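Student:
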Amino acid sequence: MAQRGPRSIAGGAGGAAEATSRLTARPRAAVRTTSIGAALENERVLGLLLLAPTLTLLALFIAYPFVMGVWISLTSASVGNVGTFVGLKNFVKLFGDTIFQRAAYNTFVYTAIATVAKLALGMWLAILLNRHFRAKRLVRASMLLPFIIPTVLSTLAWKWMFDPTFSVLNWTLYHAGFIQTRIGWLTDPTMALMSVIIVNVWRGMPFYAISLLAGLQTVSPELHEAAAIDGANAWQRFWRITWPLVLPVTMVVTLFSVIQTFADFQLVYALTGGGPANSTHLFATYAYQIGIVTGLLGEGAAASLAMFPMLFVIVIVQLWYIRRVEGA
Amino acid sequence: MAAKRMNRRQFVKLAGAAAAVGGAGVEAILAARRAPAYAQGAKLHITRWVDFVPAGDEVLAKQMVEAGKALGATITLERINANDLQPRITAAVSSGSGPDIFHLLHNWCYLYETSLVDVTDVAEGLGKAQGGFYQPVQDATKVGKAYRAVPHAIVGGQIAYRKSLFAEVGAKEFPKTWQEYREVGKKLKAKGFPIGQTAGHTFGDAPGFWYPYMWSWGGKEVEKDGKTVAISSKETIESVKFAVAMWKDACDEGGLAWDDSSNNRAFLSGTISATLNGASIYIESLRNPDKYKTDKGEQMRTDILHAANPAGPKGQFHYHASFHHGIMGYSKNQKLAKDFLKWLHAKENFEPWFLSMKGFSVGATKMWEEHAMWKEDPVMLPFRTAARAFQLFGHAGPPSAKASEAYSKYIIVDMYAKAIQGASAEDAVKWAESELKRIYG
Amino acid sequence: MAGRGGSGSGMVEGARWRKWVYFNVPMTVFIVGTLFPFYWMFVTAFRPDGELYRPWRAINNTPFWTTHPTFEHMVYLFKQTMFGTWMYNTMLIALASTVISLFCGLLAGYALARLRFPFAGSMGTGIFVTYLVPPTLLFIPLANIIRDFRLGDTPWSLILTYPTFLIPFCTWLLMGYFKTIPKELEECARIDGASRIRAMVQIVFPIATPGILSAGIFAFTLSWNEFLYALVFLSSPQQKTVPVGVLSELIRGDVFFWGPLMAGALLGSVPVALIYSFFVEHYVAGLTGAVKG
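Residue numbers (my numbering), protein chains in the order written: chain A, 1 to 328; chain B, 1 to 441; chain C, 1 to 293.
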């Protein structure tokens, strides 16, 4: 399309501007000055054009269904029945529902604990992986395995590892002398929520670790050496140098992870189905239960939507924090 | 063989039809003769669950081909996990396209009523030809005046127990009441072989046990009018108290975390001595006799017997899962679907399937009780008449969509689970009452 | 290097002790903790059925090894189920979704990072906000749309819907990467007479290759693991993906075929694991570039 004109690259910004204007003034033989060509040079047109595929896909397969979903949540739709408009009745019923309240509580606890655990462990692992050691590549790759394996299948494996009758974890702990009677991984309500968190952390920590590792690699070792010479110990060096420098990437990774964890469905569905006695139900699993198993689509949509504003608030807070950090 | 017979049958039917329209002219005769052959390339898609007994699915796979030949169409059978049936049905109904026939369980006819085709003609014909349906099955599939699905089979639930272990603690016969069951269980648990029952969120075994348990004490969800919530009663509270005591004395406490497969595994590995289940435990032990051995080294299958639920103060109850085939309203092949169901449920075609199930599923009609198959294995005999006595959830009201809501929210199961985990019986019942009131409005 | 004693301990024994405590032990614990489930799954996949049902306290319970390894589960997996077909389907769908997401993410990331145009900020936020919408809300209305486009029971129903949760992350990643590339590079090219598009494709994109690899690998993984949409939009056994197929064929009501299940789980992770092992360094480098920005 464009042919290179004579290379008259002027040094410096001013020179470049001059050169550019000289270029545009001169008719270039090979540049098609068609309207398309000119339009594509226009920042605004190009920008919108480049965004077009994304916007189309997202509009079609998210925005539109989302609006439909919101509409459904305001009706008494059930399977096969369009239902009638009922306003906020579904939401009112939900908020008074003790199971929903429990699911809300579970979701917050689950997200909070899992995120902190994943962040702490991920950071620790990233620091360890940042060093040079034999088999570094192999270890780095294998650490990602929990993230790679399809969630549904690894959760099934965990389900059996937690099984009251067959648990290999109980076997190990028993033979190591830590326990005498079995641990009720999935039978005790509090323990069940912990078990679900354990699986989530197992699965999600590698993602944190690798992303934070990338962040750590941008921290120049000279900073550490300088601080060491100044007498800072490892812990101080971490908090004063490493942490602030990787904070931006930490926040973004945390943000994506919080969103996914908050809306998590597969893990709890496969592991406990929300039991025992609703102690592991999350927003997504309860919404699924109401909408699909009971067939009350309107209420199910309302339950799914209920997590949206809370998620929105969490995201806004984190984004604000990120901006503040980046600005500082 | 079956296919040939079918074709002759069809020919005879045709000849009769042709004769009947005799005077109506050539066109009519031609039309009648063309009746079973649908438009070229007609297709039928059926979605069923993946059967517990693989042999049954093998029979069905063959029958799809036979039926296709008999009806002049291509019939596809898709099998998915039972838990995944409902999302598929919901998506299909919402989008207005999908499989023509779905496998339906429990009282789903009420849930999906508006999306199912009226199949009264097929169902009634079947019922008449095969000795009548069991009443609960009829209740489950007949919504108002119309059958919304054709009943196919019932998976009976009985208590599978270890004959030798029970004998060791002095129970020559299976306990007849909950008190006796608890006593025996107490002794067994002391020996390390507790009773096993799930109280978790699983769609088959948990409601299958706790609903009949509640009924046997006189508890019920609603009154006959289907509206007044009646769960908060002295009887229900009694049942909860006893359940907690029985759980602590006699049951494997891991049961809170069990799903539908856990009790199978526990039983087959010898850690529990009794559990309510379909016949899948026994049948699995038959399929792999050397894989499952008792702690004494014998084959597990020789030590298994089945018995009905113990009785409570107000009687003996069961909940069995009934299975039906429903034709979806959006289907473009409704006539073909109806003919297919007539073929599939007809005596000569149901029989091979029934035999392959070895009693795990029984027929929805009463004539199958008399089948010679029952003489083969005395261990399976209790399943023969199991279907005679059961009722559906939502008792004492109809098994309506609201009953489904209570079922899928595990309200009754959780009522017992909460008490087992420490809530007082009154609180657990009060919680269940408030949840039910929210559902029944 | 984090972990080395900063107080300048000169004693050799001290340094070695520290290395053990601060590196070797934690590293070992991480490796064991992360990988033992895989080891256990591996053993289970080759364990004969007779040994599978041993209660945890049974005397002959050997959860971590078996004396009679067998291939019967693998054979079952490939012969009795359509596992090979599912692998193929999943691979196809994941690759196609990744390509689409990368394409959209590249263009969108470049536009948001480099160009100024009206509503850029809000569109960027809008793309990000779509990430918040939960799939459990979407999949019923989506079923309608899939039907309207006649995509039901075809791989396209997934190839077009997976990018909805892949694009936001790819866009963010590539945006970050583009921001680190000096503008002067493009300006030089444009002065030379290249059009914007040419500068974008021939100058900027090649430099962002590590970022593209990262985003691609991430997108591939998420597509490979997705379950809900695959369950709802596909019906024929020939069309199923690995997670859905393995779950439906190997769990029959209340009987789990643990051997083949674990075999399926492991084999189902092999392709993605291989890709990662080749590209992990690039993956890390790619993220590094993105986070620098």
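Every residue gets a Cβ at the ideal spot worked out from N, C-alpha and C, and that includes glycine. Since this is a predicted model, take the numbers as computed values, not measurements.
List, in order along the chain, the chain C residues whose C-beta lies closer than 7 Å to that of K291/B?
Tutor: Taking the first residue of the second sequence as 1, we reach residue 291/B at position 291. Chain C residues near K291/B: D49, G50.
Student: What are the start and end residues of each continuous alpha helix (DSSP H) run of 4 or more residues lying completely inside the stretch 36-79 of chain C, in chain order?
Tutor: As far as the stretch 36-79 of chain C is concerned, its whole alpha helix (DSSP H) runs of at least 4 residues are 49-52.
Student: In chain order, which continuous runs of the beta strand (DSSP E) of length 3 or greater are located wholly inside the stretch 238-310 of chain B?
Tutor: Here the runs fully enclosed are 274-277, 304-307.
Student: Given a cut-off of 9 Å on the beta-carbon distance, is the pair F317/B and S216/B in contact?
Tutor: Indexing the second sequence from 1 puts residue 317/B at position 317. Indexing the second sequence from 1 puts residue 216/B at position 216. Their beta carbons are under 9 Å apart, which means F317/B touches S216/B by this criterion.
Student: If distances are taken between C-alpha atoms only, which option among Q391/B, K409/B, E221/B comes closest to I371/A?
Tutor: What the structure shows of chain A is the stretch from 1 to 328, and residue 371/A is not part of that stretch, so it cannot be assessed.
Student: Please report how far the alpha carbon of D260/B lies from the alpha carbon of P398/B, in whole angstroms.
Tutor: Here the question's residue 260/B lines up with position 260 in the second sequence. Here the question's residue 398/B lines up with position 398 in the second sequence. For D260/B and P398/B, the distance between alpha carbons rounds to 26 Å.
Student: Select from F308/A, Y288/A, N106/A the residue whose C-alpha is nearest the C-alpha of E299/A.
Tutor: By 1-based counting over the first sequence, the position of residue 299/A is 299. For the residues F308/A, Y288/A, N106/A, the minimum Cα distance to E299/A belongs to Y288/A.
Student: According to DSSP, G315/B sits in a beta bridge with which residue or residues?
Tutor: Indexing the second sequence from 1 puts residue 315/B at position 315. Per DSSP, G312/B.
Student: On the DSSP bridge list, what partners appear for N81/A?
Tutor: Counting from 1 along the first sequence, the entry for residue 81/A is found at position 81. Answer by DSSP bridge pairing, in chain order: S78/A.
Student: Listing by chain order, which chain B residues have their CB less than 9 Å from the CB of F46/C?
Tutor: Position 46 of the third sequence, counted from the start, is the residue given in the question as residue 46/C. None at all; the shortest Cβ gap to chain B is about 16 Å.
Student: Against chain A, which members of the stretch 66-99 of chain B pass a CB distance test of less than 8 Å?
Tutor: Listed by position, the residues of the stretch 66-99 of chain B near chain A (Cβ gap below 8 Å) are Q86, P87, I89, T90, V93, S94.
Student: According to DSSP, is L44/B helix, strand or coil?
Tutor: As a position in the second sequence, residue 44/B is number 44, starting the count at 1. Residue state, collapsed to three classes: strand.
Student: Taking only three categories from DSSP, how would you classify M328/B?
Tutor: If you number the second sequence from 1, residue 328/B lands on position 328. DSSP places M328/B in strand when its eight states are reduced to three.
Student: Using beta carbons (cut-off 9 Å, strictly below), is G50/B in contact with chain C?
Tutor: Within the second sequence, numbered from 1, the residue matching residue 50/B stands at position 50. Correcting the residue identity first, residue 50/B is Val in this sequence and not Gly. It does: the Cβ of V50/B has a partner Cβ on chain C nearer than 9 Å.
Student: Can you find at least 3 beta carbon pairs, one from the stretch 309-317 of chain A and one from the stretch 84-99 of chain A, that sit closer than 8 Å?
Tutor: No, because fewer than three Cβ pairs between the stretch 309-317 of chain A and the stretch 84-99 of chain A fall closer than 8 Å, the two stretches do not touch.
Student: Step through the CB atoms of chain B and report whether any lies within less than 9 Å of the CB of A58/C.
Tutor: Taking the third sequence and counting its residues from 1, the one referred to as residue 58/C is at position 58. It does: the Cβ of A58/C has a partner Cβ on chain B nearer than 9 Å.
Student: Between which two residues does the beta strand (DSSP E) carrying I99/A extend?
Tutor: Your numbering for residue 99/A matches position 99 in the first sequence. Per DSSP, I99/A belongs to no beta strand (DSSP E); it is in the alpha helix (DSSP H), 98-129.
Student: Taking 9 Å as the cut-off, decide whether the C-beta atoms of T272/A and V196/A are in contact.
Tutor: The residue labelled residue 272/A in the question sits at position 272 within the first sequence. The residue labelled residue 196/A in the question sits at position 196 within the first sequence. Yes, Cβ-Cβ distance for T272/A and V196/A is below 9 Å.
Student: Which runs of the alpha helix (DSSP H) spanning at least 4 residues fall entirely within the stretch 227-283 of chain C, listed in chain order?
Tutor: Fully enclosed alpha helix (DSSP H) runs of 4 or longer: 228-233, 242-250.
Student: Would G121/C count as contacting chain A if we go by Cβ distances under 9 Å?
Tutor: On the third sequence, position 121 is the one that residue 121/C refers to. False, the Cβ-Cβ gap to chain A never drops below 9 Å.
Student: Where does S400/B sit, in a helix, a strand or coil, going by DSSP?
Tutor: For the purposes of this step, residue 400/B is taken as the residue at position 400 of the second sequence. DSSP places S400/B in coil when its eight states are reduced to three.
Student: Using the Cα positions of V444/B and L286/B, report the straight-line distance between them to the nearest angstrom.
Tutor: Any question about residue 444/B goes unanswered here, given that chain B covers just 1 to 441.
Student: Any chance you could list the alpha helix (DSSP H) runs of at least 4 consecutive residues sitting entirely within the stretch 328-408 of chain B, in chain order?
Tutor: Counting only runs of 4 or more, we get 334-345, 347-357, 381-384, 401-408.
Student: Measuring alpha carbon to alpha carbon, tell me which of R190/C, V244/C, C170/C ends up nearest N81/B.
Tutor: Numbered from 1 along the second sequence, position 81 holds the residue referred to as residue 81/B. Answer by Cα proximity: V244/C.
Student: What residues in its chain sit with their C-beta under 7 Å from that of A52/A, if we drop five residues either side in the sequence?
Tutor: Translated into positions along the first sequence, residue 52/A becomes position 52. For A52/A, where only same-chain residues beyond five positions count, there are no Cβ hits under 7 Å.
Student: Is there a C-beta anywhere in chain B that falls below 9 Å from the one on F71/C?
Tutor: In the third sequence, residue 71/C corresponds to position 71, counting from 1. No - not a single Cβ of chain B is within 9 Å of the one on F71/C.
Student: In the DSSP output, what is W49/B paired with across the bridge?
Tutor: As a position in the second sequence, residue 49/B is number 49, starting the count at 1. According to DSSP, which records beta bridges pairwise, W49/B is partnered with I80/B.
Student: Given V43/C, which residues of its chain have a CB within under 7 Å of its CB, disregarding the five upstream and five downstream residues?
Tutor: Working through the third sequence from its first residue, we reach residue 43/C at position 43. Closer than 7 Å at Cβ, skipping near neighbours: F64, W65, T66.
Student: Distance, Cα to Cα, R18/C vs G185/B?
Tutor: Within the third sequence, numbered from 1, the residue matching residue 18/C stands at position 18. Within the second sequence, numbered from 1, the residue matching residue 185/B stands at position 185. One C-alpha to the other measures close to 56 Å.
Student: Are the C-beta of F38/C and some C-beta of chain A separated by less than 9 Å?
Tutor: Locating residue 38/C in the third sequence gives position 38, counting from the first residue. Yes, F38/C counts as interfacial toward chain A.
Student: Suppose you measure from the CA of D84/B to the CA of K248/B; what does that come to, to the nearest Å?
Tutor: One-based indexing of the second sequence puts residue 84/B at position 84. One-based indexing of the second sequence puts residue 248/B at position 248. C-alpha separation (whole angstroms): 34 Å.
Student: Would you say T302/B lies against chain C (beta-carbon separation less than 9 Å)?
Tutor: Here residue 302/B refers to the residue found at position 302 of the second sequence. Chain C contact via Cβ: absent.
Student: Is it buried or exposed, D230/A, if we count other Cβ atoms within 10 angstroms and call 16 or more buried?
Tutor: On the first sequence, position 230 is the one that residue 230/A refers to. Classification of D230/A: exposed, given that the 10 Å Cβ count is below 16.
Student: Answer yes or no: do A114/A and I210/A have a C-beta to C-beta separation smaller than 9 Å?
Tutor: Here residue 114/A refers to the residue found at position 114 when the first sequence is read from its first residue. Here residue 210/A refers to the residue found at position 210 when the first sequence is read from its first residue. Not in contact: A114/A and I210/A (Cβ atoms no closer than 9 Å).
Student: Restricting to runs no shorter than 4 residues, where is the alpha helix (DSSP H) found entirely within the stretch 212-258 of chain A?
Tutor: Runs of the alpha helix (DSSP H) inside the stretch 212-258 of chain A: 221-229, 234-237.
Student: Roughly how many whole angstroms lie between the Cα atoms of K220/B and A396/B?
Tutor: On the second sequence, residue 220/B is found 220 positions in, with the first residue counted as 1. On the second sequence, residue 396/B is found 396 positions in, with the first residue counted as 1. Roughly 6 Å between the two C-alpha positions.
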